[in-house]
Amino acid sequence: MRFIDTHVHFTDQAFAEDAAEAIDRAAEAGVDRFLLPDIDKGERPGIFALAAEYPGRAFPMVGLYPGSVGPDWEAELDDMARYREKGPVAIGEIGLDYHYGADTADLQKAAFAAQLRLAAQWDLPVNIHLRDATEDFFRVLEECRHLGLRGNLHAFSGSYETFSRLQRYGDWYVGIGGVVTFKNSRLPEAVSRIPLDRILLETDSPYLTPTPYRGRRNESAYIPLIAAKVAQIKGVTIEEVAAVTTAGAEKLFRL
């Protein structure tokens, strides 16, 4: 079985001492490719350096994370443009997050819409971060409906109804991670109804570690645990989950 981790922060400080070892452990677990979401210009060089170190295995994104949005967000987008020829596979991690940043809501919406337009201009998918801002998220998508967007709503924890609503705005997948394994998670109910070919696997490492390793640092090597839970929910084999989700990631991100 071969897996793709569609969202992992290997340049996070949590991997400062052993990123290479964590990447090797992932490969041993069958996770031979991974996507690196971008946060802002401070992290961007490290992401592209890691992608260059692991050609054909590590794939960089370029984007401005909502938590990094400030008054200078347009300058951040100018910096992103410098990386266009370096082969990003997506514009991400972008979106809205009002959990801690509601005071920057207007700036976040402006930066989000601008990056959706950039994705359309560059013909790239988007990788979306969404937290406590669902209605504004859909308002921005409505404004950008004409762009013909495609993308992935990462760390999905919403309902089947939210998934269905998302499909009105282009070609969309959802990223399923460790939350699906949590004891009291409501996500399995949605996963049971979402078509398997609309699901991508991710860890969001070093965050959201799946059961039974909650409390430890997350790693790409735990993708098979997430796949096994999805297989259980869907009543299919883990081999089918591996094949279908890998094919979906390859199609969306043109790997």
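Numbering follows the numbering used here, with no gaps: position 197 of the sequence shown is 197.
Positions of the beta carbon are idealized from the N, C-alpha and C atoms, including for glycine.
Here the structure is a predicted model, which is why all the values come from computation and not from measurement.
- Listed in chain order, the non-local C-beta contacts of VAL191 below 8 Å within the same chain comprise ILE176, VAL180, ILE199, VAL230, ILE233 and LYS234, local neighbours out to five positions each way being set aside.
- A straight line joining the alpha-carbon of LEU201 with that of TYR54 spans about 20 Å.
- Secondary structure note for TYR160: its alpha helix (DSSP H) is the uninterrupted segment 160-166.
- DSSP places LEU255 in the coil class of the three-state scheme, outside both helix and strand.
- TYR207 and ILE226 have their C-alpha atoms roughly 14 Å apart.
- In the displayed model, VAL191 falls within a helix according to three-state DSSP.
- Look at the beta carbons and you see the stretch 94-112 touching the stretch 129-149: at least three pairs across the two are nearer than 8 Å.
- Taking a C-beta distance under 8 Å as the contact criterion, MET61 and LEU35 qualify as a contact pair.
- Contiguous alpha helix (DSSP H) elements confined to the stretch 25-81 occur at 44-53 and 73-81, taking only those with 4 or more residues.
- Remark: C-beta atoms of PHE112 and VAL140 approach each other more closely than 8 Å.
- Within the model, the alpha-carbon separation for GLU43 versus THR11 is close to 7 Å.
- The beta-bridge partner set that DSSP reports for ASP5 consists of PHE34.
- For ASN152, the closest of SER185, GLU28, HIS146 and ASP197 by C-alpha to C-alpha distance is ASP197.
- Rounded to whole angstroms, the gap between the alpha carbons of TYR65 and ILE94 is 5 Å.
- Taking the Cβ atoms as the reference, ARG168 lies roughly 18 Å from LEU252, outside the contact range of under 8 Å.
- Taking C-beta atoms under 8 Å as the contact rule, LEU147 and LEU116 qualify, at a distance of about 6 Å.
- Sixteen is the threshold: since fewer than 16 other Cβ atoms of the shown chains lie within 10 Å of the Cβ of SER164, the residue is exposed.
- With distances taken between CA atoms, ASP97 lies nearest to SER68 out of SER68, PHE48 and SER205.
- Per DSSP, the beta-bridge partners of TRP172 are GLY151.
- Counting along the chain, VAL126 sits inside no alpha helix (DSSP H); it lies in the beta strand (DSSP E) bounded by residues 126-131.
- Between ASN218 and THR203, the C-beta gap is smaller than 8 Å, which places the two residues in contact.
- Counting along the chain, LEU96 sits inside the beta strand (DSSP E) bounded by residues 91-97.
- Here SER220 carries a helix assignment [DSSP, helix/strand/coil].
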